[in-house]
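Line by line, the protein sequences give chains P and V.
In terms of full-length UniProt numbering, the first sequence is residues 1 to 333.
In terms of full-length UniProt numbering, the second sequence is residues 1 to 333.
So the structure is just underneath, and the comments pick up after that.
Protein chains: 2
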Amino acid sequence: MKIKDIAKLAGVSPATVSRVMNKNGYVKAEKREAVEKVIREVGYRPNEIAKSLKNKRSNIIGVIVPKISTETASRVLEGITQIAKERNYQLLISNTNLQIEEEINALEFLSNKLVDGIIISATEVTDQHLAVARQLTVPLVVIGQRMAGFTSILYSNNHAVHDLVDHLVQAGHKKIGFIGVDPKDKEVGQVRKQAYMDALNHHQLPYKEELVAIGDFSIESGYQQMASILKKQRPTAVLAVTDHLAIGAIQCIKDNGLSVPADISVTGLGDVKLAKYLSPPLTTVHYYFKTSGQLAASELFNQIDQLNMENKEIYVDYELRIRASVKKIERNS
Amino acid sequence: MKIKDIAKLAGVSPATVSRVMNKNGYVKAEKREAVEKVIREVGYRPNEIAKSLKNKRSNIIGVIVPKISTETASRVLEGITQIAKERNYQLLISNTNLQIEEEINALEFLSNKLVDGIIISATEVTDQHLAVARQLTVPLVVIGQRMAGFTSILYSNNHAVHDLVDHLVQAGHKKIGFIGVDPKDKEVGQVRKQAYMDALNHHQLPYKEELVAIGDFSIESGYQQMASILKKQRPTAVLAVTDHLAIGAIQCIKDNGLSVPADISVTGLGDVKLAKYLSPPLTTVHYYFKTSGQLAASELFNQIDQLNMENKEIYVDYELRIRASVKKIERNS
DNA sequence: TTGTATGCGTTATCAT
DNA sequence: ATGATAACGCATACAA
Numbered sequence: 001m002k003i004k005d006i007a008k009l010a011g012v013s014p015a016t017v018s019r020v021m022n023k024n025g026y027v028k029a030e031k032r033e034a035v036e037k038v039i040r041e042v043g044y045r046p047n048e049i050a051k052s053l054k055n056k057r058s059n060i061i062g063v064i065v066p067k068i069s070t071e072t073a074s075r076v077l078e079g080i081t082q083i084a085k086e087r088n089y090q091l092l093i094s095n096t097n098l099q100i101e102e103e104i105n106a107l108e109f110l111s112n113k114l115v116d117g118i119i120i121s122a123t124e125v126t127d128q129h130l131a132v133a134r135q136l137t138v139p140l141v142v143i144g145q146r147m148a149g150f151t152s153i154l155y156s157n158n159h160a161v162h163d164l165v166d167h168l169v170q171a172g173h174k175k176i177g178f179i180g181v182d183p184k185d186k187e188v189g190q191v192r193k194q195a196y197m198d199a200l201n202h203h204q205l206p207y208k209e210e211l212v213a214i215g216d217f218s219i220e221s222g223y224q225q226m227a228s229i230l231k232k233q234r235p236t237a238v239l240a241v242t243d244h245l246a247i248g249a250i251q252c253i254k255d256n257g258l259s260v261p262a263d264i265s266v267t268g269l270g271d272v273k274l275a276k277y278l279s280p281p282l283t284t285v286h287y288y289f290k291t292s293g294q295l296a297a298s299e300l301f302n303q304i305d306q307l308n309m310e311n312k313e314i315y316v317d318y319e320l321r322i323r324a325s326v327k328k329i330e331r332n333s
Numbered sequence: 001m002k003i004k005d006i007a008k009l010a011g012v013s014p015a016t017v018s019r020v021m022n023k024n025g026y027v028k029a030e031k032r033e034a035v036e037k038v039i040r041e042v043g044y045r046p047n048e049i050a051k052s053l054k055n056k057r058s059n060i061i062g063v064i065v066p067k068i069s070t071e072t073a074s075r076v077l078e079g080i081t082q083i084a085k086e087r088n089y090q091l092l093i094s095n096t097n098l099q100i101e102e103e104i105n106a107l108e109f110l111s112n113k114l115v116d117g118i119i120i121s122a123t124e125v126t127d128q129h130l131a132v133a134r135q136l137t138v139p140l141v142v143i144g145q146r147m148a149g150f151t152s153i154l155y156s157n158n159h160a161v162h163d164l165v166d167h168l169v170q171a172g173h174k175k176i177g178f179i180g181v182d183p184k185d186k187e188v189g190q191v192r193k194q195a196y197m198d199a200l201n202h203h204q205l206p207y208k209e210e211l212v213a214i215g216d217f218s219i220e221s222g223y224q225q226m227a228s229i230l231k232k233q234r235p236t237a238v239l240a241v242t243d244h245l246a247i248g249a250i251q252c253i254k255d256n257g258l259s260v261p262a263d264i265s266v267t268g269l270g271d272v273k274l275a276k277y278l279s280p281p282l283t284t285v286h287y288y289f290k291t292s293g294q295l296a297a298s299e300l301f302n303q304i305d306q307l308n309m310e311n312k313e314i315y316v317d318y319e320l321r322i323r324a325s326v327k328k329i330e331r332n333s
């Protein structure tokens, strides 16, 4: 069923049908009703592809996520879909499984007029990313990383880690371990580690190589890195840069016959939904991932509508969530 | 940049450029190279919308999910994306936020030739769903619910619950409570409840209204329903139809000064990623959600390729995960 | 082996 | 107020 068929059935021209469908232009009430009747009867729905070609607008935004099966990604997506729905937009999603090359491919593919704008939630920003991004003919918003020349939605990694360290120090901790991730991820790998070092320094605590371990984003990695730290020295507290790492670390501590927080306190970052249902409930930083998705989408639409083309760096709020995985220790350690 | 421009720059006709891009038809090596060179130099990418209109194929599949921010949904999506990627397909995702009306809308919208096929992960199948589904001009695969006339990917809810009850009975439990969800969700609300009743019956245990409570899918609901059961009678074990309900129930039990599993054993269904990191680790049923996504996508592609148009009901595997949240009790209760 | 011309389904311009 | 028609960018039948 195409517009022509409807026109024939209703005894009008295709142009009139189009006018009825889009509620613009003049059309006599009588004809309008005739057309509407036919449309209802045959259940006609316009071909969105043809509309997009003609309108040069697909009403679709592309979203590139590193791993869709993570809680972070799905919360961000929820925020994006919410704003998109208000604007009558659909989401085309590319799951890149943490493969850089896939990210580049997705970026290129989506740029072919298929989408009106792109949101990328990146773990790493390479020169290649930049090169491809600069070629884009549609607006791009980045979540989670800084990308020169594009608006970015950022998490306050520096402040959040400082708050966490402050909290630990106030609880009397002086030997604070750290479990991080690869520095290729600039925001999570570098910024959070640097913040940890700065915070130690700020409290006049020494930075000790033996208390630091670098893993990936898995729970298992948290376990392994904790094990490697315990082999060298025993901290009284550990700051893990994600909740999953913290959860793995806690498991490892327990398996070593130690207790959290009695022997070792642990903190994470992110506040996964189950963080407060763990035993002990995990002290962490709540990030408003859904909000970041909403912000990214709003900014993107501003650019699509050419309302505001300047590139911003927007920091999304966070909140320290103090729970039982951190314990005060005696003042004479 | 369109195909015409490339043609001009390379000194050939648009048709030749098209042939080069799609690697079909004959074209002299020399011209091919010239065209490829221009394409590389200007970074030409074809307009996917125009291709779709011409080819009557968008290489996009639509996916409708009830709530994208759930672990279940994201694991299913991961499976779908994986298969889709192999076929060079993109995903257009509609997040319906558990709103029936949204589901219908999405179904209608996606059917407009925009996508080559649709996968819907439904919580409820109404007559309206059926009516719209029957009008579709593209294939449809359903995940998680039975839908007459369409192929469905189903979870073995009946068997899984039986296994769970068997496990509890073998551990000596006779007063087994139940926390379920609204029967509108046929598979989770009805089938799982019926299986619970059948299993009790099979073990010659009485069904007691006071031990049963119905909530929604949230952790909080698990908490509330557990509280309502405890007010009436105290079971020795509780079967919750999702892990989240189980987690809420455990929290409630703890808050009432009781212990899991010493006082009350608890089981869930689904095996969320953190289930084994809870205290106590949660006994549950592992569902292969990612696999179900893969199966759904494979079946959909079979239908898109018209390889196999028969409607199947495919059950995806499950596995009982016995952990510490269930405790053997003395034989003289 | 290559080019020309037509059509995919819609919207919008221009007459009428 | 309405209808005829060109154009969106691409692929392909047909001609050459």
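Heads up, the beta-carbon is just placed ideally off N, CA and C, and yes, glycines get one too.
Residue 342(P): buried (16+ other C-beta within 10 angstroms of its C-beta) or exposed? The requested residue 342(P) is not part of the displayed model; chain P covers only 1 to 333.
Please confirm whether Ala100(P) has its beta-carbon closer than 7 Å to some beta-carbon of chain V. It should be noted that the sequence gives Ile, not Ala, for residue 100(P). Closer than 7 Å: no.
Note the first and the last residue of the continuous beta strand (DSSP E) segment covering Arg321(P). Tyr318 to Arg321
Where does Gln99(V) sit, in a helix, a strand or coil, going by DSSP? Of the three classes helix, strand and coil, the one that applies to Gln99(V) here is coil, per DSSP.
According to DSSP, is Gln294(V) part of a helix, a strand, or is it coil? helix
So which of His159(P), Ser121(P), Leu164(P) and Gln225(P) has the shortest CA-CA distance to Gly144(P)? Ser121(P)
State the Cα-Cα distance for the pair Ala262(V) and Pro206(V), rounded to the nearest angstrom. 23 Å
Should Tyr26(P) go down as buried or exposed, given a rule of 16 or more other Cβ atoms within 10 Å for buried? Around the C-beta of Tyr26(P), fewer than 16 other C-beta atoms lie within 10 Å, and the residue is accordingly described as exposed.
Delimiting residues of the beta strand (DSSP E) encompassing Leu154(P): Thr151 to Tyr155
Buried versus exposed, by CB contacts within 10 Å (16 or more), Gln306(V): Classification of Gln306(V): exposed, given that the 10 Å Cβ count is below 16.
Start and end residues, alpha helix (DSSP H) containing Val76(V): Glu71 to Glu86
Could you check which residue in Gln303(P), His286(P) and Ser58(P) has the C-alpha nearest to that of Leu320(P)? When each option's Cα is compared against that of Leu320(P), the closest is His286(P).
C-alpha distance - Val260(P) paired with Thr283(P), whole-angstrom precision: 11 Å
CB-CB under 6 Å to Gly62(V), same chain, minus the five flanking residues each way: which ones, in chain order? Leu92, Leu110, Val115 and Ile118
So with Cβ pairs under 7 Å, would you call Ala50(V) a contact of chain P? yes
Can you tell me whether Ser325(V) is helix, strand or coil according to DSSP? coil
So, Thr242(V) versus Ile329(V), is the Cβ gap smaller than 7 Å? no
Are three or more beta carbon pairs between the region 151-162 of chain V and the region 248-258 of chain V nearer than 8 Å? no
Do you know offhand how far Ser333(P)'s Cα is from Val212(P)'s? Any reading at Ser333(P) must be qualified, since the residue scores a pLDDT of 46, below 50, and its modelled position is unreliable; no value is offered.
Can you check whether the C-beta of Ile93(P) is within less than 7 Å of a C-beta belonging to chain V? yes
Simplified DSSP assignment, three categories, for Glu330(P): coil
Under 7 Å between beta-carbons, which chain P residues line up against Gln224(V)? List them in chain order, please. Within 7 Å Cβ-Cβ: nothing; Gln224(V) doesn't reach chain P, min ~15 Å.
What are the boundary residues of the beta strand (DSSP E) that His129(P) is part of? It is not in any beta strand (DSSP E) - His129(P) instead sits in the alpha helix (DSSP H) that spans Asp127 to Gln135.
How long is the line joining the alpha carbons of Lys67(V) and Lys56(V), rounded to whole angstroms? 30 Å
Tell me which residues share the same chain as residue 375(P) and place their Cβ nearer than 7 Å to its Cβ, disregarding the 5 neighbours each side in the sequence. As shown, chain P starts at 1 and ends at 333. That puts residue 375(P) outside it, with no answer to give.
Gln224(P) - DSSP class collapsed to helix/strand/coil: Looking at Gln224(P) - three-state DSSP - the assignment turns out to be helix.
Got a sec? Which residues, its chain only, sit under 7 Å from His162(P) by beta carbon, not counting five neighbours each side? Ala195 and Ala199
Taking Cβ to Cβ, would you say Leu239(P) is nearer than 7 Å to Thr267(P)? Pairing Leu239(P) with Thr267(P) gives a Cβ-Cβ distance under 7 Å.
So Ala213(V) is in the beta strand (DSSP E); what residue range does that whole segment cover? It spans Val212 to Gly215 - the beta strand (DSSP E) in which Ala213(V) sits, taken as one unbroken run.
Alpha carbon to alpha carbon, how far is Gly79(P) from Val35(V)? 43 Å
Name the residues in the region 30-48 of chain P whose C-beta lies less than 9 Å from a C-beta of chain V; which are they? Gly43, Arg45, Pro46, Asn47 and Glu48
Per DSSP, which one or two residues make a beta bridge with Leu140(V)? Ile118(V)
Tell me whether the beta-carbon of Val326(V) lies closer than 7 Å to the beta-carbon of Ser279(V). no
So Thr16(V) is in the beta strand (DSSP E); what residue range does that whole segment cover? Under the DSSP assignment, Thr16(V) falls outside any beta strand (DSSP E), being part of the alpha helix (DSSP H) whose first and last residues are Pro14 to Asn22.
Count the CB pairs spanning the region 11-27 of chain V and the region 179-192 of chain P that are closer than 8 Å, and state whether there are at least three. no
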